[in-house]
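Structure record follows, encoded as structure tokens.
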Amino acid sequence: MKKLWAFIFLFSFFYVQSPAPVGIQNLANTCYMNALLQCLIASKKFVGLMQSINFASVTDENTKNLGNTFKNFVIQHAAGNNRNEPTNPQEFAACVNMQGIFTGDVIKEQQDSDELFIKLIRLLGEEKKDLLDFFTIKSETRLTPACLQKMAIAFTDTEEEQEDIVLRLPLSADSLDDCIKNFFGKKKSDIYCNNCRQQACVDQEIFITHYPELLVILLGRRDEKGKKITKKITINPNNSLIGSYEYKLIGCVFHAGTGTGGHYTAVIKKDSAWYECNDTYVNHLTLTKAQEILNGENTESYLLFFEKVKEVQLHAQKIQDITNLLMQTQNYIRGLYVNTSLFAFK
Ligand SMILES: [Zn+2]
């Protein structure tokens with residue numbers, strides 16, 4: 005009987021800890037901010053991280069205030085604001101304005117959710133590395149000449165390393181999964197191979213070397229002229245495999261309108277239930293409805309939030325073994341080609 009009571013107690017504790025999400029007041033033009041905050045706070049890992057960060061040591065007063073206000077907002081909003089009514093972001097927005105990270109007023113003027121995310125996390129992340137690291141994705145482009153592969157010689161060279169807090173994903177296909185596959189898949193590089201003296205020899209592949217806890221994907225919805233690309237992209241609401249990790253979609257920011265103006269909303273997943281967040285309004289969604297919205301029924305998805313679940317496929321040790329073998333072969337080949345460069349850039 006004692007066990008049963010302990011179970012009921014624990015169950016009620018978790019139930020109280022995870023209330024249904026509440027809305028956020030729109031102060032004038034702050035829908036872009038509200039949609040972003042809803043997605044971030046849908047991540048329990050992010051809320052936990054913010055709870056653990058102490059901004060007291062930050063020397064710049066404005067940055068310290070911004071950090072503390074942001075932290076308080078995240079904790080309050082995640083707890084359902086205690087009163088189960090829309091949270092007021094006034095104090096947070098005022099701190100963002102004080103910091104001057106935008107040229108315009110963040111309350112009166114429409115901004116972009118991705119821009120606020122990047123500027124906010126980079127600014128606070130300068131002081132608190134845990135916060136920056138939580139979102140940092142590191143990758144490298146590896147080049148492998150097919151001619152050497154045919155001769156069963158393993159050679160791979162790293163051309164460039166990238167580091168960012170968002171993954172900028174081109175809309176190369178009709179579904180998000182395919183866009184991801186295309187981005188990380190093997191492609192022919194236009195690099196000239198000095199070994200076989202051919203243009204179409206070198207394979208190019210992007211590998212993630214550091215997986216963030218919360219992966220933020222920014223869809224390439226702007227063309228060179230800054231015009232919005234309204235192409236529909238189907239989004240799988242189930243967990244996705246990104247590199248060698250399984251990730252769980254927990255939020256998506258949508259934009260309705262043109263490249264110069266419009267309205268931002270969010271769809272979030274909390275405790276396996278889906279919700280649509282439109283400023284003060286939060287509606288529970290069936291999986292079918294969530295799927296329709298995700299697929300761009302009326303608005304365009306543009307900023308996606310994926311929480312890391314677990315490593316899959318290759319065991320870490322196996323990856324290490326392969327890496328070591330590659331390094332040894334690479335050093336051997338480097339010795340052979342000591343005075344000649346294998347790649348010539350166009
Ligand atoms: Zn070649």
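Count along the sequence shown starting at 1, add 4, and that's the number in this note's numbering. Yeah, the Cβ is synthetic: ideal placement off N, Cα and C, and Gly gets one too.
Distance, residue j Cα to residue i Cα
{"i": "R225", "j": "K236", "result": "10 Å"}
{"i": "D181", "j": "K112", "result": "36 Å"}
{"i": "E209", "j": "K190", "result": "5 Å"}
{"i": "N92", "j": "N33", "result": "13 Å"}
{"i": "L340", "j": "N76", "result": "Caution is warranted here: a pLDDT of 47 is assigned to L340, below 50, making its placement in the model unreliable, and the coordinate value is therefore given only provisionally. If I take the Cα positions, the gap works out to 59 Å."}
{"i": "C256", "j": "F309", "result": "6 Å"}
{"i": "V316", "j": "Y251", "result": "10 Å"}
{"i": "L44", "j": "F50", "result": "7 Å"}
{"i": "L352", "j": "K192", "result": "Not covered by the structure: residue 352. The range shown for the chain is 5 to 350."}
{"i": "V342", "j": "A150", "result": "With a pLDDT of 40 at V342, under the threshold of 50, the modelled position of this residue cannot be trusted, and the question is left open."}
{"i": "Q55", "j": "I79", "result": "7 Å"}
{"i": "D161", "j": "N199", "result": "14 Å"}
{"i": "G263", "j": "F96", "result": "26 Å"}
{"i": "G27", "j": "A204", "result": "53 Å"}
{"i": "M110", "j": "K123", "result": "Reading off the sequence, residue 110 comes out as Val, not Met. Spanning the two alpha carbons is a distance of roughly 12 Å."}
{"i": "K132", "j": "D168", "result": "16 Å"}
{"i": "D275", "j": "A46", "result": "9 Å"}
{"i": "L307", "j": "I125", "result": "15 Å"}
{"i": "G261", "j": "K231", "result": "11 Å"}
Selection from the options that minimises the alpha carbon distance to residue i
{"i": "I221", "options": "R172, V100, L120", "result": "R172"}
{"i": "N61", "options": "N72, G84, H267, Q208", "result": "As written in the sequence, residue 61 is Ser, which differs from the Asn given in the question. Here the closest residue by C-alpha is N72."}
{"i": "N302", "options": "V286, L289, T269", "result": "T269"}
{"i": "L40", "options": "V110, G27, R87, S117", "result": "S117"}
{"i": "N30", "options": "L298, N282, C183", "result": "N282"}
{"i": "D178", "options": "S305, A46, P25", "result": "S305"}
{"i": "E89", "options": "V313, P25, N186", "result": "P25"}
{"i": "D137", "options": "I57, L245, N38", "result": "I57"}
Residues of its chain near residue i, where Cβ-Cβ distance is below 7 Å and the 5 sequence neighbours each way are ignored
{"i": "T213", "result": "K142, S143, E144"}
{"i": "G265", "result": "Q114"}
{"i": "Y285", "result": "G27"}
{"i": "Y36", "result": "Q114, Q115, D116, S117, L120, Y268"}
One or two residues paired with residue i in a DSSP bridge
{"i": "H81", "result": "None, per the DSSP bridge assignment."}
{"i": "N242", "result": "In DSSP, N242 forms no bridge with anything."}
{"i": "N287", "result": "E280"}
{"i": "G266", "result": "G261"}
Cβ-based neighbour list, residue i, same chain, cut-off 6 Å, excluding 5 preceding and 5 following
{"i": "E70", "result": "It should be noted that the sequence gives Leu, not Glu, for residue 70. Closer than 6 Å at Cβ, skipping near neighbours: C99, Q103."}
{"i": "F59", "result": "K68, G71, N72"}
{"i": "P23", "result": "G84"}
Proximal residues to residue i (C-beta, below 8 Å), its chain only, five neighbours per side dropped
{"i": "G247", "result": "F188, F211, I212, Y215"}
{"i": "K350", "result": "Here K350 scores only 43 on pLDDT, less than 50, and its place in the model is too uncertain to base an answer on."}
{"i": "L175", "result": "C183, L223, G224, R225, I233, K235, I237"}
{"i": "P241", "result": "L253, K273, W278, L291, A294, Q295, L298"}
Residue list, Cβ distance to ligand 1 heavy atoms smaller than 5 Å: P149, C151, C197, N199, C200, C205
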